[in-house]
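J.:
Residue numbers (this note's numbering): 186 to 497.
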């Protein structure tokens, strides 16, 4: 095999989440409801932040971007998974599999940087309140967002470079409901132990590094809030607890998938399902129910939509 990708595999067979039709039916209802709720909640947040002048601040700017990314996160694998729950024979094309890998890593990379940007925003707001508007200017917010997308795309292209010239000539069965890079590498018709280690080290290093930075940041911010406790400390702690919850929901499944030394297929599926369906649903719920301004803005937007519908 000289040069190029000599793949003879045109599609991959997905084993899915379970072989039990009863459990698949429960998962079908559960996943469909959460998917619709995730899309609705995140679209409403993006729409509310965009049109409501009360939410034109850096914190809500990053929240809207996070919700936009969550729209992508729940749309990469969930629709295909829900559709496959109807089918006994689950397949995905070679191109579709590569596309899933690419977008999963883009979304993951962008979300990590956005979570760090949100932590920095809270640090400035709580620890340097007098300089908040100067530091968190519109230019800085846009630079953070641009950096998030640049790093996400670069990271994903770097991951895809590992499989660009690998030959795939069978087997073509993936014990999952979507395409992920570690399992895909195991199907290549060549020794990929070194590549698997590099992929795990690359993604694991980024995940662990980002998680530790966020953990240290929030510990420092909470210590500052406790040290200078005042009337506004309860509101600050409420906001911080929402941010920390979202960070844990995102990182815990990712850390297990990419750093756990003895991967378990069923555990990986559960964590992947959580990442694909549950986390994008919980993010808007956490930020909405813990934030009075967001709830008020959503009510205003909903009233405007109702009035517009009646008039039209």
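Built from N, CA and C at the ideal position, the CB exists for glycine as well.
(1) Applying the 10 Å Cβ sphere with the 16-neighbour rule, what's the burial state of residue 195?
(2) To the nearest angstrom, how far is the alpha carbon of residue 431 from that of residue 355?
(3) With a Cβ-Cβ cutoff of 7 Å, do residue 457 and residue 237 count as a contact?
(4) With DSSP as the reference, please indicate the residues paired to residue 197 in a beta bridge.
(5) Could you check which residue in 376, 454 and 471 has the C-alpha nearest to that of residue 352?
(6) Could you check the C-alpha separation between residue 292 and residue 256 for me, to the nearest Å?
(7) Residue 201: buried (16+ other C-beta within 10 angstroms of its C-beta) or exposed?
(8) Would the beta-carbon of residue 465 fall within 7 Å of that of residue 333?
(9) Cα separation between residue 410 and residue 401?
(10) What does a CB cutoff of less than 7 Å around residue 341 pick up in its chain, not counting 5 residues either side in sequence?
(11) Alpha carbon to alpha carbon, how far is residue 198 from residue 381?
(12) Near residue 326, what residues of its chain come up, given a Cβ to Cβ distance below 6 Å and the 5 sequence neighbours on each side ignored?
(13) Express the C-alpha separation of residue 348 and residue 240 in angstroms, rounding to a whole number.
T.: The relevant details are as follows:
(1) exposed
(2) 39 Å
(3) no
(4) 277
(5) 376
(6) 10 Å
(7) buried
(8) no
(9) 14 Å
(10) 287, 290, 291 and 294
(11) 21 Å
(12) 243 and 246
(13) 43 Å
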